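S.K.: Pasting a structure below so you can have a look.
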Amino acid sequence: MSDPRELYQQVILEHNKKPRNFGRLEPCTHHAEGHNPLCGDQLDLTLVVENGMVQDVKFQGSGCAIDVASASLMTQAVKGRPVAEAEAMAEQFRGMVRGELDPATQAPLLGKLTLFQGVKDLPSRVKCAVLPWATLHAALKGEAEASTE
Amino acid sequence: MTTTLQPLDVQAIRRDFPLLSRSLNGRPVIYLDSAVSGQMPVQVIERMSKYERDEHTNVHRGVSTLSQEATDRYEEAREKVRAFLNAASAREIVWTRGTTESLNLVAQSFGRLVVQPGDEILLSAMEHHANIVPWQMLAQEKGATIKVIPMNDAGELILESLDELITERTRVMGLVHVSNVLGTINPVKAIVAKAHAKGVPVVVDGAQAVPHLAVDVRDLDADFYAFSGHKLSGPTGIGVLYGKLAHLEAMPPWQGGGSMIRSVSWEKTTYMPAPAKFEAGTPPIAGAIGLGAAIDYVRALGLDRIAAHEHDLLAYATENLLPIPGLRILGNAQEKASVLSFVVDGIHPHDLGSILDSEGVVVRAGHHCAQPVMTRFQVPATTRASFAYFNTREEVDILVSAVLKAIELFK
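If you read the sequences in order, they're chains A and B. All letters in the first sequence, in the order written, are residues 192 to 340 by our numbering. All letters in the second sequence, in the order written, are residues 563 to 973 by our numbering.
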């Protein structure tokens, strides 16, 4: 796919316009900030994790459509899941957008998130799609910041 | 005045640029990104290639005929730069890797000489990071402070503030000639006069100015003037620092090594006079010769004709983009070069950049290495089209229709 308009599908555009789980959880058990220094994208992620489950998750920040839609869809995908599963999804998502694994056979957890597979053909935008997942990973590991270069 | 100029033969000029006939994502490439890097005409590419094929060796080395020839070509290129800037002497022209290295050289050598604890460094609000960060590093080292000349909403410096901002502690001013984001052409001559009236030397970043307007460093009375070859239809890796000879002679060397010494012993090393004092090591020789060829090319077209053509494109693009609902142009200075930054409601500049790219339109989307300018205008980034002498109104039309397509998609 060399045409980015194939990536900018309705689902992504719609999540960009009306992001789900937008805001901040107070109180929260986990928190991290994500930055993409090259393009200025910023993400603030808060989670409530109990008994090894992601009970709730919210994000806020500013970024491009790929970044915002990725964050929005990510919060929907991990909410109510075990932490270990969320981490596994992060791994599969990264592998998919970097073109390292085939979403059809090697990413069973991703479901709707395979919408983002076209990002692998736009190397300059991979970091946008990955930022929310890198931030999630940092928050779950207890790190305050995540950065994608 | 411009009406009396013979217009450029743009179609003939375009044939000098091989890249302009390639395709991008299945469409003809529309290169509106000359502020990032100008394209090189074949005349420059072939001159560099000839040097590498038939003339390659080192300069200022030994007695061989080959080295003497290379040295002559290399020094001829320096003389071309001198004439291009109307400097008094070729000794005032220092080769560097680019504008950034030129500005670092000034900060590290001249700046260390003149800035002491408690002193002030004055910079304009529209500087590129290259004329901010070297001064911040110096300020931190010396315990000096940075002050900023503010700008208005049109993207023009507020000159009235200078009387207050230039104090008896001001040691140096950094000033961009043409803003790489806003396109503003700053009144360098008037600002330099104000600074000099209070004894403050001015370091001018000319990276975005030299491709668009004739620069006369003696008329501007600039103390230093920096630019890069690759913004001026030349290669990357070569740049220029002009400095008044009296400054260059007073300044300590910056980097040590071969070429910059007169004699070396374990006890004492003495240095060459400027500019060699600042040119340690083997320089990018093909780059210097290529920059000389680029100056020949640009001067043959005529900077006044280039400016007239680019001004027409800027006016035409502004006229056609401005009515688009939700589109806002950043930088509406009275005096403006052909750099056009804009933002569109509801579309992040990076998304817009990707969509324009799919239409074959090459622009820059980002903060343009000028984050304080982004902060000033409260945007995370902008999309920037920049026009060169080889661009056409038809290309502007394609830009405008691609922007409209993106807006339709994001509706």
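A virtual CB, placed ideally from N, CA and C, is assigned to each residue, including glycine. Bear in mind the structure is a predicted one, so any value in this text is a computation, not a measurement.
Evaluate asparagine 242 of chain A with the Cβ neighbour count: other Cβ atoms within 10 Å of its Cβ, from every protein chain shown; 16 or more gives buried, anything less gives exposed.
M.R.: When all chains shown are included, asparagine 242 of chain A counts as exposed.
S.K.: Is the Cβ of phenylalanine 972 of chain B closer than 8 Å to any Cβ of chain A?
M.R.: So yes, phenylalanine 972 of chain B belongs to the interface.
S.K.: Need the endpoints of the alpha helix (DSSP H) that tyrosine 636 of chain B sits in, please.
M.R.: Here the alpha helix (DSSP H) through tyrosine 636 of chain B covers 627 to 647.
S.K.: Just by C-beta distance, which residues in the segment 635 to 668 of chain B are closer than 8 Å to chain A?
M.R.: Within the segment 635 to 668 of chain B, no residue has a Cβ that lies closer than 8 Å to any Cβ of chain A.
S.K.: For arginine 955 of chain B, collect the residues of the same chain with a Cβ closer than 6 Å to its Cβ; drop the 5 residues on either side in sequence, then sort them by chain order.
M.R.: Answer for arginine 955 of chain B: Tyr878, listed in chain order.
S.K.: Check alanine 298 of chain A in the structure and name its three-state DSSP category.
M.R.: Note: alanine 298 of chain A maps to coil in three-state DSSP.
S.K.: Could you check whether isoleucine 711 of chain B and valine 762 of chain B sit closer than 8 Å to each other, using their CB atoms as the reference points?
M.R.: No, the pair does not count as a contact, with Cβ atoms beyond the cut-off.
S.K.: Tell me which same chain residues have a C-beta within less than 7 Å of the C-beta of asparagine 953 of chain B, skipping the five on either side of it?
M.R.: Taken in chain order, the residues that qualify are Leu594, Leu875.
S.K.: Quick one: which residues of the segment 240 to 260 of chain A get their C-beta closer than 9 Å to a C-beta of chain B? List them in chain order.
M.R.: Hits within the stretch, in order: Ser253, Gly254, Cys255, Ala256, Ile257, Asp258, Val259.
S.K.: Return no unless some Cβ of chain A is closer than 8 Å to the Cβ of glycine 928 of chain B.
M.R.: Output row for glycine 928 of chain B: interface = yes.
S.K.: With a threshold of 8 Å between beta carbons, is glycine 231 of chain A in contact with chain B?
M.R.: Yes, because at least one Cβ of chain B sits closer than 8 Å to the Cβ of glycine 231 of chain A.
S.K.: Does the contact criterion of 3 or more C-beta pairs under 8 Å hold for the segment 696 to 705 of chain B versus the segment 830 to 846 of chain B?
M.R.: No, because fewer than three Cβ pairs between the segment 696 to 705 of chain B and the segment 830 to 846 of chain B fall closer than 8 Å, the two stretches do not touch.
S.K.: Note down, in chain order, each residue of its chain lying with its Cβ closer than 7 Å to the Cβ of arginine 211 of chain A, except the 5 sequence neighbours on either side.
M.R.: Cβ neighbours of arginine 211 of chain A beyond the five flanking positions: Ser263, Thr266, Gln267.
S.K.: Based on the DSSP secondary-structure assignment, which residues constitute the bridge partners of glycine 252 of chain A?
M.R.: Looking at the DSSP assignment, glycine 252 of chain A forms a beta bridge with A:Leu234.
S.K.: Quick one: list the residues of chain A neighbouring histidine 691 of chain B, beta-carbon separation under 9 Å, in chain order.
M.R.: The contacting residues do not exist; histidine 691 of chain B stays about 12 Å from chain A at best.
S.K.: DSSP beta-bridge partners for leucine 586 of chain B?
M.R.: Per DSSP, B:Arg589.
S.K.: Use the C-beta contact count for alanine 752 of chain B: other C-beta atoms within 10 angstroms, 16 or more gives buried, fewer gives exposed.
M.R.: Label assigned to alanine 752 of chain B: exposed.
S.K.: What is the rounded straight-line gap between the Cα of alanine 938 of chain B and the Cα of methionine 713 of chain B?
M.R.: Residue identity check: residue 938 of chain B is arginine in the sequence provided, not alanine. Cα to Cα, the separation comes out at about 9 Å.
S.K.: Please state whether DSSP places tryptophan 816 of chain B in a helix, a strand or coil.
M.R.: Reduced to three states, the DSSP call for tryptophan 816 of chain B is coil.
S.K.: Alanine 943 of chain B versus chain A: which residues are under 7 Å apart at the beta carbon?
M.R.: Under the 7 Å cutoff, chain A gives Cys230, Gly231.
S.K.: How about the segment 880 to 892 of chain B and the segment 900 to 918 of chain B: do they share at least three Cβ pairs that are nearer than 8 Å?
M.R.: At 8 Å Cβ cutoff, the stretches touch.
S.K.: Please report the distance separating the alpha-carbon of glutamate 336 of chain A from that of proline 323 of chain A.
M.R.: For glutamate 336 of chain A and proline 323 of chain A, the distance between alpha carbons rounds to 11 Å.
S.K.: Taking only three categories from DSSP, how would you classify tyrosine 878 of chain B?
M.R.: Here tyrosine 878 of chain B sits in helix by DSSP.
S.K.: Between the segment 316 to 337 of chain A and chain B, which residues of the former have a C-beta closer than 8 Å to a C-beta of the latter?
M.R.: Listed in sequence order: Arg316, Cys319.
S.K.: Would you say leucine 234 of chain A reaches chain B, if we count a Cβ-Cβ gap shorter than 8 Å as a contact?
M.R.: Cβ-Cβ to chain B under 8 Å: no for leucine 234 of chain A.
S.K.: Go ahead and pull the three-state DSSP assignment for threonine 564 of chain B.
M.R.: Residue confidence is low: threonine 564 of chain B scores 47 on pLDDT, short of 50, so the model does not pin down where it sits. Its coordinate-derived value is still stated next. Three-state DSSP puts threonine 564 of chain B in a helix.
S.K.: Should leucine 264 of chain A be flagged as near chain B, meaning a C-beta pair shorter than 8 Å?
M.R.: Taking Cβ atoms only, chain B never reaches closer than 8 Å to leucine 264 of chain A, which makes this a no.
S.K.: How do the segment 672 to 686 of chain B and the segment 728 to 748 of chain B stand: do at least 3 beta-carbon pairs fall below 8 Å, yes or no?
M.R.: Contact holds: three or more Cβ-Cβ distances are below 8 Å.
S.K.: Assuming contact is defined by CB atoms lying nearer than 8 Å, are isoleucine 909 of chain B and alanine 632 of chain B in contact in what I supplied?
M.R.: No, Cβ-Cβ distance for isoleucine 909 of chain B and alanine 632 of chain B is not below 8 Å.
S.K.: For leucine 204 of chain A, would you say it is in contact with chain B, using Cβ-to-Cβ distances shorter than 8 Å as the test?
M.R.: Yes, its Cβ sits closer than 8 Å to a Cβ of chain B.
S.K.: Determine the contact status of glutamate 811 of chain B and alanine 836 of chain B, defining contact as a CB-CB distance below 8 Å.
M.R.: Yes, they are a contact pair.
S.K.: With DSSP as the reference, identify every bridge partner of alanine 223 of chain A, one or two as the case may be.
M.R.: Answer is A:Leu236.
S.K.: Shortest alpha-carbon distance to arginine 576 of chain B belongs to which of B:Gly820, B:Gly915, B:Arg644, B:Tyr859?
M.R.: Measuring from the Cα of arginine 576 of chain B, the nearest candidate turns out to be B:Tyr859.
S.K.: If you measure between the beta carbons of lysine 793 of chain B and valine 765 of chain B, is that distance less than 8 Å?
M.R.: Their beta carbons are not under 8 Å apart, which means lysine 793 of chain B does not touch valine 765 of chain B by this criterion.
S.K.: Quick one: what does DSSP say phenylalanine 307 of chain A is sitting in, helix, strand or coil?
M.R.: Helix.
S.K.: Distance cutoff 8 Å, beta carbons only. Does leucine 313 of chain A sit that close to anything in chain B?
M.R.: True, the Cβ-Cβ gap to chain B drops below 8 Å.
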